[in-house]
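Asks:
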Amino acid sequence: MAAAVLAALPVTAATAAPARPVSPEAEFLIAVHQGNLAQITAGRLAARKGEVSSVRKLGKRFAAYHRRLDAQVRAAAEALEVRLPAVPNSEQLTLNEQYQATSGRAFDTLFVSSQLSAYERAAKLARIVLRTTTDPTVRKIVVTAAPAIEKNRDALTAARNQIALEQPRQ
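Note that the sequence shown covers residues -16 to -1, 1 to 154 in mature numbering (1 follows the signal peptide of the UniProt record, and there is no 0).
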């Protein structure tokens, strides 16, 4: 499972050199925590900067959902004595900079397309973790998150379609 987590998300300084060997479950919790931190920030930006109402609504929803999910992840990390990083990974930080630098329809398009990619990776990771983990706490997090992942992917697809319909014709 650790290989799957590492393949799904880029390695950063925060995850590359732990003080002690890291279990697959620890790798998973670290990756999800960093994703939550990124999603909370991205959601807040979308709620504020989105031009299309569906993007603003998704931003609010994502920020709230990932705060709740991260509370579960932090509790599991504490129980498993996993030290979580304080910031998202480098790829997520770069994407956040791109979000901050764009506005209007360009922001909406970037937000929706990048979030669809992120949720696709999350769905793939969830399937892998469900097949491989033996930890009941990690399994519960994934089982609880799976329906939200699907619901958010569907909402992002609908938002992408709305943006495409509302684009000015050339």
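The beta carbon of each residue, even a glycine, is placed where N, CA and C say it ideally should be.
How about P72 and A22: are their beta carbons less than 8 angstroms apart?
Replies: Yes. Within cutoff.
Asks: Helix, strand or coil, according to DSSP, for S7 in the structure here?
Replies: Reduced to three states, the DSSP call for S7 is coil.
Asks: To the nearest angstrom, how far is it from the Cα of P5 to the Cα of Q146?
Replies: Confidence in P5 is poor, its pLDDT being 44 and thus under 50, which makes the residue's placement unreliable; the coordinate value appears in the next sentence. Their Cα atoms are separated by approximately 46 angstroms.
Asks: So for N73, helix, strand or coil by DSSP?
Replies: N73 falls in the coil class under three-state DSSP.
Asks: Pick out the complete beta strand (DSSP E) segments inside the segment 6 to 93, 3 residues or longer, and give them in chain order.
Replies: Correct list: empty.
Asks: Rounded to a whole number of angstroms, what is the C-alpha to C-alpha distance between R89 and E150?
Replies: Straight-line Cα distance between these residues: approximately 10 angstroms.
Asks: Specify the secondary structure class of T141 as computed by DSSP and reduced to three states.
Replies: T141 falls in the helix class under three-state DSSP.
Asks: For S97, count neighbouring Cβ atoms within 10 angstroms of its own Cβ and tell me buried if that reaches 16, exposed if not.
Replies: Result: exposed.
Asks: Comparing C-alpha positions only, which one of S38, E35 and P69 sits nearest to residue 177?
Replies: Residue 177 lies beyond the range of the chain shown here (-16 to 154); nothing can be said about it.
Asks: Assess contact between the segment 43 to 56 and the segment 119 to 136, defined as three or more Cβ pairs (one per stretch) separated by less than 8 angstroms. Is contact present?
Replies: Yes, the segment 43 to 56 is in contact with the segment 119 to 136.
Asks: Pick out whichever of A102, D138, V122 and A148 has its Cα sitting closest to the Cα of A63.
Replies: Nearest C-alpha to A63: V122.
Asks: Classify A142 as buried or exposed, calling it buried when 16 or more other Cβ atoms lie within 10 Å of its own Cβ.
Replies: Per the 10 Å Cβ criterion, exposed.
Asks: Are G19 and F95 touching if we call contact CB-CB under 8 angstroms?
Replies: Their beta carbons are not under 8 angstroms apart, which means G19 does not touch F95 by this criterion.
Asks: Quick check: what's the CA-CA separation for E65 versus A15?
Replies: One C-alpha to the other measures close to 15 angstroms.
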